[in-house]
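So the structure is just underneath, and the comments pick up after that.
Chains as they are written, first to last, in this note's numbering: chain B, 1 to 491; chain S, 1001 to 1101.
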């Protein structure tokens, strides 16, 4: 491992914003440093689909003017990368899919608009699994992204470009979306913090829908307090998303410093079972000891249906995806196949436009919703989802947070699981339960494997208990002290 | 519900692909039937769960926004995503009737 790099590359969200707001550095200089890091390192990582240098320079100049005018900007001059499924006005939003090539939304997603209002500088679009379907970012139709810790390995997915961009120190923060673990799993693979808020906390206006009862937007950062700040900026009611909640957001950034003494931490019994990777199991034991060391009571808690969560998820998410992606038919968006008949136009456009994994999920979802199978698959999955939610409610009557690994193994090799979709789906075994129950959950880097790859601990809290979650995550982070050195693949 | 790790029948894949408006080439059918069969077998874990949805937990009321007009982004913004326009309207393939002009 190399020494921690000096200067701007080592700075996170709060440090950067503090320096720009305090007049120590200009947003335009912060941006040029970030662009220079991307130029020198992204040929190895390939995190970005597009770096919007000119637009970013304009934004950075505007931030400097606003700072000079005395505006209080919590993200003053912070360069932020955005996953390619969130609208940024006038720029392409393609979901890393051929079927959306050329689509340019006319306005920002609410999340991006709020980041900009807070002084954030949009620096580019990050790679992802096509339509957020995948756990390795290998399903992108454009390029493969590498893990900055070992460029022969996956960065996780589907927000793999966002995770890699933060891990490689290109940007202090990136935005991802999480349907079944797509922020937390890549964050864990890349050794950064990834946070999925409670369902309804962050407006999805301008997020291209994958599975609408699950999708959430959240930050990827280098530490817990940074994640809290970025989340706090994006969270809150939005009249343009009827699922966005009116629950007060509170002060998660402050909560991250509150400590966790006197609270009860429940380790998920179903996770620490026979067959768990020995290094992951040992890391879990370290997390147990860390929570004890900060004064929390540590116990084991059961969520009996956690073991069937992946099965539930792949029915519900695929069913919703088959419906949401029906709009991509060659009429309204993207390239249009040559055809002389309407049905052929739909079929040829979709056949050429979607990649294999997206087709697989659409077929699976169409099957689960089709006459004769609907009750046996979709009906059962919906019932099981509710039972799982009730399992969590019972667990949270005994403990303040539920803890388990973020990933079942460290990042696997590129290409290792592409021929085996089910094996890929099981990468999300620890992240999917919180998604189905709509809970806030955070992945905290928790150590390195013998091969020098990041391991992660996931913490979930009751719905809308983000402050409790950040208190637990902050305490764990301080106790475990994950190394801050530049990832080995970037040395 | 499939409980064994067996391929789904090819005619099922053809039917579902047709419903989903996606073409699966005949040569690729064996791969699709095997992969989907394996996934559906895994989903077979749900077999003991009731098929009828349980009474859902009460949801908070959907918040309503003020019923007030908002300005859009103008014709230019809309046209930016149109391949062609006719008399100021976006032009799309004919979707009523079977033939595209």
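All residues carry an ideal CB built from backbone N, CA and C; glycine is no exception.
C-beta atoms of residue i and residue j nearer than 9 angstroms
{"i": "residue 193 of chain B", "j": "residue 223 of chain B", "result": "yes"}
{"i": "residue 218 of chain B", "j": "residue 177 of chain B", "result": "yes"}
{"i": "residue 46 of chain B", "j": "residue 144 of chain B", "result": "yes"}
{"i": "residue 87 of chain B", "j": "residue 220 of chain B", "result": "no"}
{"i": "residue 265 of chain B", "j": "residue 401 of chain B", "result": "yes"}
{"i": "residue 64 of chain B", "j": "residue 51 of chain B", "result": "no"}
{"i": "residue 228 of chain B", "j": "residue 256 of chain B", "result": "yes"}
{"i": "residue 79 of chain B", "j": "residue 49 of chain B", "result": "no"}
{"i": "residue 319 of chain B", "j": "residue 376 of chain B", "result": "no"}
{"i": "residue 1046 of chain S", "j": "residue 366 of chain B", "result": "no"}
{"i": "residue 231 of chain B", "j": "residue 213 of chain B", "result": "no"}
{"i": "residue 152 of chain B", "j": "residue 439 of chain B", "result": "no"}
{"i": "residue 126 of chain B", "j": "residue 81 of chain B", "result": "yes"}
{"i": "residue 20 of chain B", "j": "residue 26 of chain B", "result": "yes"}
Residue range of the unbroken alpha helix (DSSP H) whose run includes residue i
{"i": "residue 446 of chain B", "result": "It is not in any alpha helix (DSSP H) - residue 446 of chain B instead sits in the beta strand (DSSP E) that spans 441–448."}
{"i": "residue 186 of chain B", "result": "184–190"}
{"i": "residue 480 of chain B", "result": "466–480"}
{"i": "residue 1072 of chain S", "result": "That residue, residue 1072 of chain S, is in no alpha helix (DSSP H); it is neither H nor E in DSSP."}
{"i": "residue 417 of chain B", "result": "Looking at the DSSP string, residue 417 of chain B is not in any alpha helix (DSSP H), and its letter there is neither H nor E."}
{"i": "residue 253 of chain B", "result": "252–255"}
{"i": "residue 324 of chain B", "result": "309–324"}
Those residues which DSSP pairs with residue i across a bridge
{"i": "residue 379 of chain B", "result": "Answer is none; residue 379 of chain B lacks a bridge partner."}
{"i": "residue 125 of chain B", "result": "B:50 and B:82"}
{"i": "residue 196 of chain B", "result": "B:441"}
{"i": "residue 216 of chain B", "result": "B:178"}
{"i": "residue 16 of chain B", "result": "DSSP, once it has assigned bridges, lists no residue as partnering residue 16 of chain B."}
{"i": "residue 246 of chain B", "result": "According to DSSP, residue 246 of chain B bridges with nothing at all."}
{"i": "residue 404 of chain B", "result": "B:458"}
{"i": "residue 268 of chain B", "result": "B:301"}
Residue i, enclosing beta strand (DSSP E) - first and last residue
{"i": "residue 79 of chain B", "result": "79–83"}
{"i": "residue 457 of chain B", "result": "454–460"}
Residue i to residue j span [Cα, whole Å]
{"i": "residue 1094 of chain S", "j": "residue 345 of chain B", "result": "11 angstroms"}
{"i": "residue 6 of chain B", "j": "residue 485 of chain B", "result": "Note that residue 6 of chain B scores a pLDDT of 40, beneath 50, so its modelled location is shaky; the value from the coordinates is reported in the next line. If I take the Cα positions, the gap works out to 10 angstroms."}
{"i": "residue 371 of chain B", "j": "residue 243 of chain B", "result": "29 angstroms"}
{"i": "residue 260 of chain B", "j": "residue 359 of chain B", "result": "45 angstroms"}
{"i": "residue 497 of chain B", "j": "residue 120 of chain B", "result": "Outside the modelled stretch of chain B, which goes from 1 to 491, sits residue 497 of chain B, for which no answer is possible."}
{"i": "residue 1031 of chain S", "j": "residue 1058 of chain S", "result": "43 angstroms"}
{"i": "residue 139 of chain B", "j": "residue 334 of chain B", "result": "19 angstroms"}
{"i": "residue 289 of chain B", "j": "residue 1064 of chain S", "result": "47 angstroms"}
{"i": "residue 1002 of chain S", "j": "residue 392 of chain B", "result": "Confidence in residue 1002 of chain S is poor, its pLDDT being 49 and thus under 50, which makes the residue's placement unreliable; the coordinate value appears in the next sentence. Looking at the two C-alpha atoms, the distance is approximately 28 angstroms."}
{"i": "residue 482 of chain B", "j": "residue 447 of chain B", "result": "6 angstroms"}
{"i": "residue 491 of chain B", "j": "residue 40 of chain B", "result": "12 angstroms"}
{"i": "residue 341 of chain B", "j": "residue 385 of chain B", "result": "41 angstroms"}
{"i": "residue 70 of chain B", "j": "residue 76 of chain B", "result": "11 angstroms"}
{"i": "residue 488 of chain B", "j": "residue 130 of chain B", "result": "28 angstroms"}
{"i": "residue 285 of chain B", "j": "residue 299 of chain B", "result": "12 angstroms"}
{"i": "residue 405 of chain B", "j": "residue 458 of chain B", "result": "5 angstroms"}
{"i": "residue 18 of chain B", "j": "residue 238 of chain B", "result": "28 angstroms"}
{"i": "residue 373 of chain B", "j": "residue 1053 of chain S", "result": "14 angstroms"}
{"i": "residue 1041 of chain S", "j": "residue 1087 of chain S", "result": "54 angstroms"}
{"i": "residue 456 of chain B", "j": "residue 1071 of chain S", "result": "46 angstroms"}
{"i": "residue 106 of chain B", "j": "residue 267 of chain B", "result": "46 angstroms"}
{"i": "residue 1091 of chain S", "j": "residue 92 of chain B", "result": "21 angstroms"}
{"i": "residue 154 of chain B", "j": "residue 425 of chain B", "result": "14 angstroms"}
Item to check | Interface residues of the stretch 381–399 of chain B facing chain S [CB-CB below 9 angstroms] | outcome: 381, 382, 383, 384, 386, 387, 389, 390 and 393
Checklist entry - Given a limit of 7 angstroms on CB to CB distance, which residues of the stretch 1024–1045 of chain S reach chain B? => result 1035, 1036, 1038, 1039, 1042, 1043 and 1045
Checklist entry - Just by C-beta distance, which residues in the stretch 95–113 of chain B are closer than 7 angstroms to chain S? => result 103, 104, 106 and 107
Checklist entry - Using a beta-carbon distance cut-off of less than 8 angstroms, what residues from the stretch 468–480 of chain B approach chain S? => result none
Item to check | Contacting positions in the stretch 333–344 of chain B - beta carbon closer than 8 angstroms to chain S | outcome: 333, 336, 339, 340, 341, 342 and 343
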